[in-house]
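Peer 1: Numbering (the numbering used here), first residue to last: 187 to 271.
Ideal Cβ placement from N, Cα and C applies to all residues, glycine included.
Got a structure here, written out as structure tokens. Questions coming.
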Amino acid sequence: MPARVNPDVPGEARLLKKVGKRIRTLREQRGLTMAQLGATTKGVVYFQRQYVWKMETGRVAPSLAALAHFAKRLDVGIADLVKGI
């Protein structure tokens, strides 16, 4: 189960929204749908569209494995998803 945003951690919600926005921007630049981002290039679904939406809008904290998958699908490094945030 994905981790929910913890309101007691200062700045967590803002950080997750920024990371989610960056992933959404990269996804849109590459012409991918949320469903395509959540799946492999061969169509194996790892993350449902609803999870991708929740992550892009800062409602859930993506795991390291999720970030690695998204980075690979977006053809960037994991560090590029959080760089400068």
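Let's test the definition: count the other Cβ atoms within 10 Å of the Cβ of K185 and tell me whether it reaches 16, buried, or not, exposed.
Peer 2: The requested residue 185 does not occur in the structure, where the chain is confined to residues 187 to 271.
Peer 1: Reducing DSSP to helix, strand and coil, say where V246 ends up.
Peer 2: strand
Peer 1: Could you check how far apart the C-beta atoms of F233 and G224 are, in whole angstroms? I think they sit under 8 Å.
Peer 2: Going by Cβ atoms, the distance from F233 to G224 rounds to 4 Å, so yes, they are a contact pair.
Peer 1: Quick one, are the C-beta atoms of R213 and L260 less than 8 Å apart?
Peer 2: yes
Peer 1: Do you know how far the Cα of V262 is from the Cα of K204?
Peer 2: CA-to-CA, the gap between K204 and V262 works out to about 17 Å.
Peer 1: Do L267 and A257 come within 8 Å of each other at the CB atom, strictly closer than that value?
Peer 2: yes
Peer 1: R208: buried (16+ other C-beta within 10 angstroms of its C-beta) or exposed?
Peer 2: Per the 10 Å Cβ criterion, buried.
Peer 1: Give me, in chain order, the residues of the same chain whose beta-carbon lies closer than 6 Å to that of H255; leave out the 5 immediate sequence neighbours on both sides.
Peer 2: Y232
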